[in-house]
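Note sheet for the following structure.
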Amino acid sequence: MLLDYLLTQKKEKGLLPDNGVVVKTIVTSEIGRTIAAAFGIPTIDTLTGFKFIGEKIHDYELSGKYSFLFGYEESYGYLIGSFVRDKDAVQAALFACEAAAYFKSQGKSFYDALQDVFKTYGYFEEGLESLTLKGITGKEEIAAIMNNFRTQPPHEVAGVAVAVIEDYQTSEAVETDSGSTSAITLPKSNVLKYKLKDGSWFCLRPSGTEPKIKFYFGVKGADAADRDKKFNALKRAVMDRVHGLVSQ
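Heads up: the sequence shown runs through residues 1 to 248, numbered per full-length UniProt numbering.
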């Protein structure tokens with residue numbers, strides 16, 4: 001909603017740069033990519049962590065390739081403008097207030113504006129599930145989960161075919177239909193992401209600071225009911241497989 005408001009205001013005022021860019025992490029909602037594309041703005045992915053978004057800002061300032069417009073990640077971090085290199089609650093709160101005031105002037109609430117975004121761009125939903133596995137046994141089980149999904153990737157999940165498998169450890173993306181591969185130009189990381197043919201996706205990533213493995217989910221539905229149905233089915237299918245691989 002904030003991104004749509006930002007781009008709409010910049011476009012109406014003639015302030016939208018030709019080389020503008022939105023930056024997000026690989027485990028973050030795809031709704032921003034859809035919104036940005038409607039304004040002719042590309043979206044660039046980074047690894048998990050806002051420091052990587054800050055790194056992109058620095059790179060683009062040096063190269064002049066892009067003009068940074070907006071950055072966001074799944075753990076509630078937002079950045080509007082390039083004068084801060086980490087998630088900034090102060091500017092996000094101020095910007096949200098500005099947006100709310102504008103919506104009120106149009107006779108709308110924040111909720112109304114959010115529903116307008118869904119109606120325009122699709123009904124998206126994302127979620128995170130964490131599984132804590134402590135000790136040496138837990139460490140081995142986390143490794144086993146990653147190895148299982150990496151060596152025996154699912155062909156379909158909840159009745160929906162897998163379209164693309166991205167392995168950030170091997171830096172390779174595979175299109176399942178053709179078998180063609182492409183390079184992932186991000187630093188190597190023990191992360192797996194599966195993109196389904198209906199636009200849904202899920203991602204596996206061991207935590208770098210805690211004895212847990214994280215599972216990220218994202219779907220797009222035709223309406224709220226369809227979205228909720230897809231999300232619940234995707235999460236249940238993935239977690240059922242995961243729980244079958246661990247002792248607890």
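Note that CB positions come from ideal geometry on N, CA and C, so glycine has one too.
Please read all numbers here as calculations on a predicted model, not as lab measurements.
Just so you know, the alpha carbons of P17 and I145 end up roughly 44 Å apart.
The three-state reading of DSSP puts A158 in coil, since its state is none of H, G, I, E or B. Remark: fewer than three beta-carbon pairs, one from each stretch, lie closer than 8 Å, so the region 86 to 105 and the region 197 to 205 are not flagged as touching. Judged by DSSP in its simplified three-state form, E98 adopts helix.
Taking C-beta separations shorter than 7 Å and ignoring five residues to either side along the sequence, the partners of P206 in its chain run I142, M146, N190 and I213, following chain order. If you draw a straight line from the Cα of V174 to the Cα of A237, it comes to about 22 Å.
Residue range F50 to S63 is occupied by the alpha helix (DSSP H) that includes G54. Counting C-beta pairs with one atom in each stretch, the region 82 to 89 and the region 101 to 110 have fewer than three that are closer than 8 Å, which means they do not touch. Beta-bridge partners of S82 (DSSP): none assigned. Taking 7 Å as the cut-off, the beta carbon of A163 is found no closer than this to the beta carbon of K193. Cβ neighbours of K24 within its own chain (closer than 8 Å, five residues either side excluded): G32, R33, T43, I44, D45, T46, I53, G71, Y72 and E73. Here E129 is actually not in contact with F39; their C-beta atoms are around 33 Å apart, not less than 8 Å.
When the Cα atoms are used, F83 and V27 turn out to be separated by approximately 24 Å.
The way I'd put it, the region 112 to 129 does touch the region 224 to 237; three or more beta-carbon pairs between them come closer than 8 Å. Counting the other CB atoms within 10 Å of its CB gives D167 a total of 16 or more, which places it among the buried residues. The three-state reading of DSSP puts S182 in strand, counting E and B together. At least 7 Å separates the beta-carbon of I41 from that of D4. In its chain, beyond the 5 residues on either side, D167 and L192 have a beta carbon closer than 7 Å to the beta carbon of R150. F217 is the residue among A225, F217, V246 and D228 whose C-alpha sits nearest the C-alpha of E30. DSSP places I41 in the coil class of the three-state scheme, outside both helix and strand. Here V21 is near Y66, since their CB atoms are less than 7 Å apart.
Annotation for L114: the continuous alpha helix (DSSP H) segment containing it runs F110 to Y121.
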